[in-house]
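Quick note, the sequences are listed as chains A and B, same order. Everything in the first sequence is counted per my numbering, starting at 185 for the first residue and increasing by one. Everything in the second sequence is counted per my numbering, starting at 49 for the first residue and increasing by one. Please read the structure below before turning to the comments.
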Amino acid sequence: MNEEVEKKCIELVEKSKEVVRETFEKFKPLEIAITWTGGKDSTTNLWIIRQVCLEDNIDLPQVITIDEGDAFPEITDFLIKISKKWNIDLKWLCNFDVLKCCQSHLGNTVKVKDLNERNQTELKRIGFKEGSFTFEAESYTGNHLMKTVVLNQFVEENNIKALFMAIRRDEQSARKSDEYFIKKEGGPLMPEHTRISPILHFTERDIWNNIKLHNIPYCPLYKIGYRSLGARTTSNPMEIGMPAWEQDIENTPERAGRRQDKEKSMDRLRKLGYM
Amino acid sequence: MKNVILLTTDALRKDTLGYYGNKDKLTPFVDSLQDKCIKFTNAQSIGPYTQASFPGILTSSYYLEYGRGKNLSPKRTLISEVLQESGITTAGFHSNPYLCDFFGWNRGWDVFYDSMDEDVKSEVPYIKGDGINKKVGEWLSFYTKGKEYKPFFLWLHYMDVHEPYVPERKYLDMVDPSINLTQNEMFNLFKSIVLKRDVSDERTVKLLKKLYDAHVRETDDYIKKFFGTLEKLNLLRDSIIIITSDHGDEFSEHNGLSHDGKMYSELIDIPFFVYDYDKAKGEVCDTLISNIDISPTIVHLFGLGKVKNFEGYSLFPLGDYPKKGCFGEAIGKIGQKEKDTDKPVYFYRESDFKIIYRESSNIWEMYNLKKDPKEVNNIIDTSSMADDMKEKLNSRKPQVKE
Chain A
185 MNEEVEKKCI ELVEKSKEVV RETFEKFKPL EIAITWTGGK DSTTNLWIIR
235 QVCLEDNIDL PQVITIDEGD AFPEITDFLI KISKKWNIDL KWLCNFDVLK
285 CCQSHLGNTV KVKDLNERNQ TELKRIGFKE GSFTFEAESY TGNHLMKTVV
335 LNQFVEENNI KALFMAIRRD EQSARKSDEY FIKKEGGPLM PEHTRISPIL
385 HFTERDIWNN IKLHNIPYCP LYKIGYRSLG ARTTSNPMEI GMPAWEQDIE
435 NTPERAGRRQ DKEKSMDRLR KLGYM
Chain B
49 MKNVILLTTD ALRKDTLGYY GNKDKLTPFV DSLQDKCIKF TNAQSIGPYT
99 QASFPGILTS SYYLEYGRGK NLSPKRTLIS EVLQESGITT AGFHSNPYLC
149 DFFGWNRGWD VFYDSMDEDV KSEVPYIKGD GINKKVGEWL SFYTKGKEYK
199 PFFLWLHYMD VHEPYVPERK YLDMVDPSIN LTQNEMFNLF KSIVLKRDVS
249 DERTVKLLKK LYDAHVRETD DYIKKFFGTL EKLNLLRDSI IIITSDHGDE
299 FSEHNGLSHD GKMYSELIDI PFFVYDYDKA KGEVCDTLIS NIDISPTIVH
349 LFGLGKVKNF EGYSLFPLGD YPKKGCFGEA IGKIGQKEKD TDKPVYFYRE
399 SDFKIIYRES SNIWEMYNLK KDPKEVNNII DTSSMADDMK EKLNSRKPQV
449 KE
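Dropping the structure here:
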């Protein structure tokens, strides 16, 4: 790796560590939780936080991962393997109530009245008025219940005041003006807490450079072409067979392999007389 | 604060609307809206086909500024992103593969339906207007019915006028009942004539135009139904609706068909009118405007500050809109497939003069649109304005931002 790139990685990590240390000054370890999906960003994030804890002799805050009901088995394996390696007591969160109502089967219909009170209230809160919905990965309703609700419940029940997230500014334009520390106002069913994003200033390229430099582990799916790993049914490799870090990162969208099938778009273009 | 709705129709020629002088009664509903609309009579698209036009519509930037290719450059700013950041709810519903999630257009949308997951058949390779209306209606109902809601920006796009021209019997009868083709025969015409850009038989081209017109009539019905939904949900008086198209379609005016990389009026002229129940009173505005002005206008309508990356100007207040020329750029492809070797084509228009430069052949064209609206008389060698116009075009191109 060339010297300049190496130097940049070290600077980026130092900046992240500053953010992490500032968090530990403001909050006690028991009040903090670290979110971890098993993806490249959150693993990098966890690695950095862990480094600080080792260096400063602080207890690693609890690490949580959310099972949305459509995980890649490779990710699950990766999470288990690395939590063993790093001696982490990983907490698995899941909206079991929703899974129960759809028999853990994607595509099944969930009847709102079968859900527990909390889930029903949450649906009302987002204005969902129908009697049922289809359990789909990365759908508006599904996302809210499987991800947001479960996270909020955890924060509330464990008195968490600070959450470490793995958000990067270059992921979406909407993140352009994000700050390292964002206070979430409390509301019904959403407890007040602060979200911290130590790797905000990393780009997708930076993440890979840093992974290579420090030998940070990553899920093998990235090697076969996945750039972004979300739900299994909606994530597709961008370039099949080409490792993520070798793809044209700067000019192709990271999340484009998800939720869309390249073939479908091309086929439509052909039918419309374009190709 | 009113909601803002942007209703775009793909490939809809300005001159098919009764509202703009067409006598064939293809758009009775749209025509009926005129007393509550401001009509812009000189609106230009920045590009003659969807890929070249929509960067103008939704990101207020020009097509080739960020390279060529299908992916929306992350460096462009979408109107949806601007609005979402300011707390406005954003929703987009369409069925054009060029504008899909895969190619990067799903940014800043709270709700984004691009229909790529649906199955379509070859004769109708998109979701029809009533399918789009259904999705939009469902969302609007969910979002606004019976409660206080944050203002929204809704964008919906109809594909029904786009080739293949395979209209239903019902609409064909409204245009020319004597046409007796099966769906299959119409689809074959698409394959043998439109795809091949074969204008050799004038009657066939006229026939194709009739099929196209039937789709225009059909689209008018969808617009009517959409307005009906808005009325039912009590949104008509609470929303400003911008209606336009991304480009037109050619029927051999310049020896071609469909919408290739050419900058003539049949492709670049677009219908453009704004429905506002309270404020609009049938005004007609002749100022030369561009679809690159749409996003800045929406920003203004929501009372937000100017966006740095937007290159157009807000159309409102009308008195403040600067009088200036219009520019456009595209890849000069002719025919179905774009080749890597195809080079750009540019246009610049100022009042009644338009100048066009085609890089691949190094040919300049200039037209006096008032005297020669059909753009058949190239005055580049004789006009005293030629040098001035050339300079203006040259200064605008290329502005490629790396």
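Beta carbons: idealized from backbone N, C-alpha and C, even for Gly.
1. Determine, for Met459 (chain A), whether the minimum Cβ-Cβ distance to residues of chain B falls below 8 Å.
2. Beta carbons nearer than 8 Å to chain A: which residues of the segment 231–265 of chain B have them?
3. Counting C-beta neighbours from all protein chains within 10 Å, is the total for Lys445 (chain B) 16 or more, i.e. buried, or is it exposed?
4. Do we get a CB-CB distance below 8 Å when we pair Cys85 (chain B) with the residues of chain A?
5. Taking Ser121 (chain B) as the reference, give the member of B:Ser431, B:Glu113 and B:Lys258 with the closest Cα.
6. Could you work out which residue in B:Phe274, B:Gly179 and B:Met234 is closest to Leu55 (chain B) when comparing CA atoms only?
7. Kindly list the residues whose CB is nearer than 7 Å to the CB of Asp317 (chain B), restricted to its own chain and excluding five residues on each side of it in sequence; keep chain order.
8. Work out the CA separation of Glu233 (chain B) and Pro212 (chain B) for me, nearest whole Å.
9. Quickly, what does DSSP pair Ile380 (chain A) with across the bridge? List them, please.
10. How big is the Cα-Cα spacing for Glu398 (chain B) and Ile105 (chain B)?
11. Between the Cα of Leu243 (chain B) and those of B:Glu298, B:Val159, B:Lys422 and B:Leu284, spot the shortest distance and give me the residue it belongs to.
12. Closest to Ser109 (chain B) by C-alpha separation, out of B:Asn416, B:Gly376, B:Lys387 and B:Lys438, would be which residue?
13. Once you ignore the five residues that flank Cys286 (chain A) on each side, which residues in its own chain have a CB closer than 6 Å to its CB?
14. 8 Å is my cut-off, CB to CB: does Glu188 (chain A) come that close to chain B?
15. Is Leu441 (chain B) near Ile403 (chain B), with beta carbons less than 8 Å apart?
16. Is the beta carbon of Glu166 (chain B) sitting closer than 8 Å to the one on Ile175 (chain B)?
17. Let me check understanding here. Comparing Cα to Cα, which of B:Leu315, B:Ala59 and B:Thr267 lies closest to Lys422 (chain B)?
18. How many angstroms separate the CA atom of His210 (chain B) from the CA atom of Ala59 (chain B)?
19. Are there 16 or more other CB atoms within 10 angstroms of the CB of Glu129 (chain B), so buried, or fewer, so exposed?
20. Can you give me the C-alpha to C-alpha distance between Tyr197 (chain B) and Thr137 (chain B), rounded to a whole angstrom?
21. For Asp243 (chain A), I'd like the list of residues in its chain whose CB is within less than 6 Å of its CB, leaving aside the five on either flank, ordered along the chain.
22. Given that Asp190 (chain B) touches chain A, what residues does it touch there, using C-beta distances under 9 Å?
23. Quick test of your reading: Ser200 (chain A) and Ile232 (chain A), contact by CB under 8 Å. State the CB separation rounded to the nearest angstrom.
24. Once you ignore the five residues that flank Asp300 (chain B) on each side, which residues in its own chain have a CB closer than 6 Å to its CB?
25. Please say whether Gln231 (chain B) and Glu171 (chain B) have beta carbons closer to each other than 8 Å?
26. Indicate whether the contact test is met: 3 or more Cβ pairs, each with one atom in the segment 66–83 of chain B and one in the segment 139–152 of chain B, closer than 8 Å.
27. Give me the subset of the segment 217–250 of chain A whose CB atoms are less than 8 Å from a CB atom of chain B, sorted by chain position.
28. Hey, how far is the Cα of Asn300 (chain A) from the Cα of Val333 (chain A)?
29. Verify whether the separation of the beta carbon atoms of Tyr206 (chain B) and Thr98 (chain B) is less than 8 Å.
30. Is the shortest distance between the beta-carbon of Ser101 (chain B) and the beta-carbons of chain A less than 8 Å?
31. What whole-angstrom Cβ distance do Glu388 (chain A) and Asp354 (chain A) have, given they're in contact under 8 Å?
32. Between the segment 201–220 of chain A and the segment 369–383 of chain A, do three or more beta carbon pairs fall short of 8 Å?
33. Can you name the start and end residues of the beta strand (DSSP E) that Tyr206 (chain B) belongs to?
34. Hey, how far is the Cα of Arg285 (chain B) from the Cα of Ile218 (chain A)?
35. Put Lys356 (chain B) into one of helix, strand or coil per three-state DSSP.
36. Count the other CB atoms, across all protein chains shown, that sit within 10 Å of the CB of Pro103 (chain B); report buried if there are 16 or more and exposed otherwise.
Per the coordinate set shown:
1. By 1-based counting over the first sequence, the position of residue 459 (chain A) is 275. Judged by the 8 Å Cβ criterion, Met459 (chain A) is in contact with chain B.
2. Phe238, Val242 and Leu243
3. Your numbering for residue 445 (chain B) matches position 397 in the second sequence. It is buried - the Cβ of Lys445 (chain B) has at least 16 other Cβ atoms within 10 Å.
4. Translated into the one-based positions of the second sequence, residue 85 (chain B) becomes position 37. Taking Cβ atoms only, chain A never reaches closer than 8 Å to Cys85 (chain B), which makes this a no.
5. Sequence index remark: in the second sequence, residue 121 (chain B) carries index 73 (1-based). With distances taken between Cα atoms, Ser121 (chain B) lies closest to B:Glu113.
6. Residue 55 (chain B) sits at position 7 when you count from the first residue of the second sequence. It is B:Phe274.
7. Residue numbering aside, residue 317 (chain B) sits at position 269 when the second sequence is read from its first letter. Result list for Asp317 (chain B): Lys62, Gln92 and Gly296, in chain order.
8. Here residue 212 (chain B) refers to the residue found at position 164 of the second sequence. Here residue 233 (chain B) refers to the residue found at position 185 of the second sequence. The straight-line gap from Cα to Cα measures roughly 11 Å.
9. On the first sequence, residue 380 (chain A) is found 196 positions in, with the first residue counted as 1. Looking at the DSSP assignment, Ile380 (chain A) forms a beta bridge with A:Phe348 and A:Phe365.
10. By 1-based counting over the second sequence, the position of residue 398 (chain B) is 350. By 1-based counting over the second sequence, the position of residue 105 (chain B) is 57. Each residue's alpha carbon lies about 20 Å from the other.
11. To locate residue 243 (chain B), count along the second sequence from 1; it is residue 195. Among B:Glu298, B:Val159, B:Lys422 and B:Leu284, the Cα nearest to that of Leu243 (chain B) belongs to B:Glu298.
12. Counting from 1 along the second sequence, the entry for residue 109 (chain B) is found at position 61. Ser109 (chain B) has its Cα closest to that of B:Gly376, out of B:Asn416, B:Gly376, B:Lys387 and B:Lys438.
13. For the purposes of this step, residue 286 (chain A) is taken as the residue at position 102 of the first sequence. Scanning its chain for C-beta atoms nearer than 6 Å, with the 5 sequence neighbours on each side dropped, one finds around Cys286 (chain A) the residues Asn292, Val294 and Phe319, in chain order.
14. Residue mapping note: residue 188 (chain A) aligns to position 4 of the first sequence, counting from 1. Glu188 (chain A) is outside the set of residues whose beta carbon lies under 8 Å from a beta carbon in chain B.
15. Within the second sequence, numbered from 1, the residue matching residue 441 (chain B) stands at position 393. Within the second sequence, numbered from 1, the residue matching residue 403 (chain B) stands at position 355. Against a cut-off of 8 Å, the Cβ pair of Ile403 (chain B) and Leu441 (chain B) comes out as a contact.
16. As a working mapping, residue 166 (chain B) is identified with position 118 in the second sequence. As a working mapping, residue 175 (chain B) is identified with position 127 in the second sequence. Their beta carbons are under 8 Å apart, which means Glu166 (chain B) touches Ile175 (chain B) by this criterion.
17. In the second sequence, the residue the question calls residue 422 (chain B) occupies position 374. By alpha-carbon distance to Lys422 (chain B), the top candidate from B:Leu315, B:Ala59 and B:Thr267 is B:Leu315.
18. Within the second sequence, the letter at position 162 stands for residue 210 (chain B). Within the second sequence, the letter at position 11 stands for residue 59 (chain B). Those two C-alpha atoms are separated by around 6 Å.
19. By 1-based counting over the second sequence, the position of residue 129 (chain B) is 81. It is buried - the Cβ of Glu129 (chain B) has at least 16 other Cβ atoms within 10 Å.
20. Position 149 of the second sequence holds residue 197 (chain B). Position 89 of the second sequence holds residue 137 (chain B). Roughly 9 Å between the two C-alpha positions.
21. By one-based count along the first sequence, residue 243 (chain A) stands at place 59. Correct list, in chain order: Pro213.
22. Here the question's residue 190 (chain B) lines up with position 142 in the second sequence. Asp is not the amino acid found at residue 190 (chain B); the sequence shown has Phe there. Ordered by position in chain A, the residues that pass the 9 Å Cβ test against Phe190 (chain B) are Gly311, Phe312, Lys313 and Glu314.
23. The residue you call residue 200 (chain A) lines up with position 16 of the first sequence. The residue you call residue 232 (chain A) lines up with position 48 of the first sequence. About 5 Å; that satisfies the 8 Å criterion.
24. Residue 300 (chain B) sits at position 252 when you count from the first residue of the second sequence. The question names Asp, but residue 300 (chain B) in the sequence shown is Ser. Once the five neighbours on either side are set aside, the close Cβ partners of Ser300 (chain B) are Val247 and Val253.
25. Residue mapping note: residue 171 (chain B) aligns to position 123 of the second sequence, counting from 1. Residue mapping note: residue 231 (chain B) aligns to position 183 of the second sequence, counting from 1. Against a cut-off of 8 Å, the Cβ pair of Gln231 (chain B) and Glu171 (chain B) comes out as a contact.
26. No, the segment 66–83 of chain B does not touch the segment 139–152 of chain B.
27. none
28. By one-based count along the first sequence, residue 300 (chain A) stands at place 116. By one-based count along the first sequence, residue 333 (chain A) stands at place 149. Here the alpha carbon of Asn300 (chain A) sits roughly 12 Å from the alpha carbon of Val333 (chain A).
29. Walking along the second sequence from the start, residue 206 (chain B) turns up at place 158. Walking along the second sequence from the start, residue 98 (chain B) turns up at place 50. Not a contact, by the Cβ cut-off of 8 Å.
30. To locate residue 101 (chain B), count along the second sequence from 1; it is residue 53. For Ser101 (chain B), the answer is no, since every Cβ of chain A falls outside 8 Å of its Cβ.
31. Numbered from its first residue, the first sequence carries residue 388 (chain A) at position 204. Numbered from its first residue, the first sequence carries residue 354 (chain A) at position 170. About 6 Å separates the CB atoms of Glu388 (chain A) and Asp354 (chain A); that is less than 8 Å, so the two are in contact.
32. With the cut-off at 8 Å, the segment 201–220 of chain A and the segment 369–383 of chain A touch.
33. Within the second sequence, residue 206 (chain B) is the residue found at index 158, counting from 1. Per DSSP, Tyr206 (chain B) belongs to the beta strand (DSSP E) from Phe200 to Tyr206.
34. Translated into the one-based positions of the second sequence, residue 285 (chain B) becomes position 237. Translated into the one-based positions of the first sequence, residue 218 (chain A) becomes position 34. Straight through space, the alpha carbons of Ile218 (chain A) and Arg285 (chain B) are spaced by roughly 48 Å.
35. Taking the second sequence and counting its residues from 1, one reaches residue 356 (chain B) at position 308. Three-state result, Lys356 (chain B): coil.
36. For this step, residue 103 (chain B) is matched to residue 55 along the second sequence. Burial check for Pro103 (chain B): the Cβ neighbour count within 10 Å reaches 16 or more, so the residue is buried.
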